[in-house]
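In what follows, a structure is listed as structure tokens, so that the remarks can point back to it.
Number of protein chains: 2
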Amino acid sequence: MSQTIVALDCMGGDNAPGEIIKGGIEALKENKDVFLKMVGRQEDVNRELEKYDYDKTRVEVVNATEVIETGEPPVVAIRTKKDSSLVKCMYMVKHGECDALVSAGSTGATLVGGHVIVGRIKGVERPPLAPLIPTEKGGALLIDCGANVDAKPSNLVQFAQMGSIYMENICKVKNPKVGLVNIGAEEEKGNNLAKETYQLLSNLEGINFIGNIEAREIPEGKADVVVCDAFVGNVILKMYEGVGGVLLKKVKGTLMTSLKTKIGALLIKKELKETMKTFQMDQYGGAPLLGLKGLVVKTHGNSKAIEVKNSIIQCISFKEMNINDKISKKLAVKKEN
Amino acid sequence: MSQTIVALDCMGGDNAPGEIIKGGIEALKENKDVFLKMVGRQEDVNRELEKYDYDKTRVEVVNATEVIETGEPPVVAIRTKKDSSLVKCMYMVKHGECDALVSAGSTGATLVGGHVIVGRIKGVERPPLAPLIPTEKGGALLIDCGANVDAKPSNLVQFAQMGSIYMENICKVKNPKVGLVNIGAEEEKGNNLAKETYQLLSNLEGINFIGNIEAREIPEGKADVVVCDAFVGNVILKMYEGVGGVLLKKVKGTLMTSLKTKIGALLIKKELKETMKTFQMDQYGGAPLLGLKGLVVKTHGNSKAIEVKNSIIQCISFKEMNINDKISKKLAVKKEN
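If you read the sequences in order, they're chains D and H. Going by this note's numbering, the first residue of the first sequence is number 223, and it counts up by one from there. Going by this note's numbering, the first residue of the second sequence is number 223, and it counts up by one from there.
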């Protein structure tokens, strides 16, 4: 088995560089095929690395003097901060020095950098950001959550195709069910984008289109690939966080109301925590930005080591399954028809 | 105090006519100013009414032989079923025989009937459907959740104005905070609709615009009036149901895993149920369809008596506070500027 070389943006994210580098070390331990290029301020990276005992033949530290902050305008940041950890990671993927990059830094800068530096696969109109979201039946791919807020029907069709390839090959879901987010099940429902996309997806071969799904059915796990524009995708993702967070807080508050409930809480605490874990975003790795010439994986800004590790491990399957070749072939076939 | 005359669609909804009529009876008991015109198949309505002891001087049964089913195409249903309970209710509002109507029937038919039969207040471009949704800090108005899926910026501006009037007068929120649903806080974020609407709302006097809010902040209660197009509004509403429902199911499952957790469950059951109640949709009354010449209130399809009752009671404040006059004046002022 060949090595998968991952550029790790050690300076991006709320918990950088500590948790990022810790996650990298854990990935090295979990899988012998991982080689990491740890990109960031050399002295910071080395200081963290000194804390661990690890296989030094599979780590290279790449110095990058600048850091892109969360609030910076993405386009400006990518253009001007050439010596930032993120931009350096992007160029390493572009030049084939790495198979993939993982960053917990600015989403905007990652999207812009992916487009501008790494570049699109021929035939891909808009590269979508596609996180795995928890459902009652396991994970589903929410595609798009990225920057394509004013998407066209043909963009959404490509999202459906790329998402199917991802779920089939990376998540091993056979014949993944593709659902179009809409306000009702009937085909005449929805806004213009949804109505036109419905028609295109209905006539498309090679995907398992199950029709419209209502947002309520997403957490229920009705579809494996949840197709929508990035505005709606963002609302879905944030509603998961918002409703989940508030409900959890309310439950916790309830458990503390009296001595009786406090005793009850002690009895269920461990199990409840386990349950809640299965419904949290960070149980999965990061979100791939699909349709680029290399793999760019964005993990949550508040990622801890475990999520960083999962994101790195995810890159191995992505490379082994030749996802980009498959996307390239799939979209090329469509163009010929 | 004068009477508020409400037309109650006794045949609409999953639990009609039983729960609808029960809710009507409860409203009569709770407030002496309520007069109900109970519209539906006479024999069905009378059979239900016989179960209760109530003030017969405040009830009139209006016979309607037809029923609009949930699956029917709304436009066709409204046009052809002239003797349906819903269409009869609509005409009674239009002709001023009633102050308001309450229906748990088809949302589509209610929206269409509201537009076509009751008609818009002059100056209102698109009447939005605006349910109250639960937040950590109480209720917020989600406006629009109706049929305006391809809305224009000027529509959303009117939603902000009408929503502010509603929250201030009906829910007694002083200077209600208006938030525009977007994918980030910064004003340059979002799709074209959001960006243009942001500019218009920023320059609008007479509302308390707090800027963009992310979907995560909706359940947290950051805004009192949550402005969006109906597609996004539908996604928000359904995500509440979906995430809430799945999490609750998971928590319940956890409580049943062992003898220990079952004992724990017994100790927290009552309190947990109370907590969950505060985060359910049906704690509030129905959703008003704002901007019409009369009041049309749509309650959930699965409404039980309590929600029907709350919806009817809501009509009293709506009438007393002269909401329609206020909307009419507000939007007229805007036109003159």
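Ideal Cβ positions, reconstructed from N, Cα and C, are used throughout, including at glycine. The structure displayed is predicted, hence computed values, not measured ones.
What do you reckon, are the CB atoms on residue i and residue j nearer than 8 Å?
i, j, result
"L333(H)", "A382(H)", "no"
"V465(D)", "P441(H)", "yes"
"T287(D)", "R269(D)", "no"
"N526(D)", "N285(D)", "The question names Asn, yet the displayed sequence has Lys at residue 526(D). Contact: no."
"N434(D)", "N404(D)", "yes"
"G336(D)", "L511(D)", "yes"
"T497(H)", "E493(D)", "no"
"S550(D)", "I343(D)", "yes"
"A362(H)", "D446(H)", "yes"
"P349(D)", "L514(D)", "yes"
"K244(D)", "I387(D)", "no"
"L227(H)", "K259(H)", "The sequence shown places Ile at residue 227(H), not Leu. Yes; because the gap between Cβ atoms is below 8 Å, this pair is in contact."
"L378(D)", "T419(D)", "yes"
"E358(H)", "G443(H)", "yes"
"G523(D)", "G341(D)", "no"
"C367(H)", "P353(H)", "yes"
"T521(H)", "V324(H)", "yes"
"E542(D)", "G507(D)", "no"
"I290(D)", "M312(D)", "no"
"L489(D)", "K471(H)", "no"
"S376(H)", "E409(H)", "no"
"V457(D)", "A437(H)", "yes"
Using a cut-off of 8 Å between C-beta atoms, extract the partners of residue i located in chain D.
i, result
"D372(H)", "N413 and N414"
"N456(H)", "I405, E436 and A437"
"V473(H)", "V473, L494 and T497"
For a contact meaning CB atoms closer than 7 Å, what does residue i contact in chain H?
i, result
"V465(D)", "P441, M461, Y462, V465 and G466"
"L469(D)", "G466, L469 and F501"
Taking the continuous alpha helix (DSSP H) assigned at residue i, which residues delimit it?
i, result
"G327(H)", "No alpha helix (DSSP H) holds G327(H); DSSP gives it neither H nor E."
"A249(D)", "G240 to E252"
"D266(D)", "Q264 to L271"
"T302(D)", "P296 to T302"
Which residue marks the beginning of the beta strand (DSSP E) containing residue i, and which one marks its end?
i, result
"A362(H)", "G360 to I365"
"V449(H)", "V447 to V449"
"N285(H)", "V281 to N285"
"L308(D)", "It is not in any beta strand (DSSP E) - L308(D) instead sits in the alpha helix (DSSP H) that spans S307 to K316."
"I538(H)", "First-last for I538(H): A527 to E542, but that is the alpha helix (DSSP H), not the beta strand (DSSP E)."
"D231(H)", "T226 to D231"
"T357(D)", "L354 to T357"
Since residue i meets chain D, which of its residues come closer than 7 Å, beta carbon to beta carbon?
i, result
"E409(H)", "Ordered by position in chain D, no residue passes the 7 Å Cβ test against E409(H), which lies about 13 Å from the chain."
"I485(H)", "L489"
"E358(H)", "V468"
"T479(H)", "E493"
"F431(H)", "Result: empty, since nearest Cβ-Cβ is about 20 Å, beyond 7 Å."
Against residue i, what residues of chain D qualify as contacts under a CB-to-CB distance less than 9 Å, listed in chain order?
i, result
"T476(H)", "I490, E493, L494, E496, T497 and M498"
"K482(H)", "L489, I490 and E493"
"F381(H)", "Neighbours of F381(H) on chain D: none; closest Cβ ~16 Å, over 9 Å."
Could you name the residues of chain H that residue i contacts, counting a contact when the two beta carbons are closer than 9 Å?
i, result
"T332(D)", "Ordered by position in chain H, no residue passes the 9 Å Cβ test against T332(D), which lies about 14 Å from the chain."
Along chain H, in chain order, which residues have C-beta atoms closer than 8 Å to that of residue i?
i, result
"F257(D)", "Going along chain H, no residue has its Cβ under 8 Å from F257(D), so there is no contact; the nearest lies around 35 Å."
"F540(D)", "Simply none; closest approach about 26 Å."
Just list the beta strand (DSSP E) runs in the segment 378-433 of chain H, keeping only unbroken ones of 3 residues or longer that don't cross its boundaries, in chain order. Those beta strand (DSSP E) runs which fall completely within the segment 378-433 of chain H and span 3+ residues are 399-403.
Which parts of the segment 464-524 of chain D are runs of the alpha helix (DSSP H), unbroken and 4 residues or longer, counting only runs that do not cross its ends? For the segment 464-524 of chain D, whole alpha helix (DSSP H) runs of length 4 or above, ordered along the chain, are 481-499.
Select from the segment 272-295 of chain H all residues with a C-beta closer than 7 Å to any C-beta belonging to chain D, and list them in chain order. Of all residues in the segment 272-295 of chain H, none places a beta-carbon less than 7 Å from a beta-carbon of chain D.
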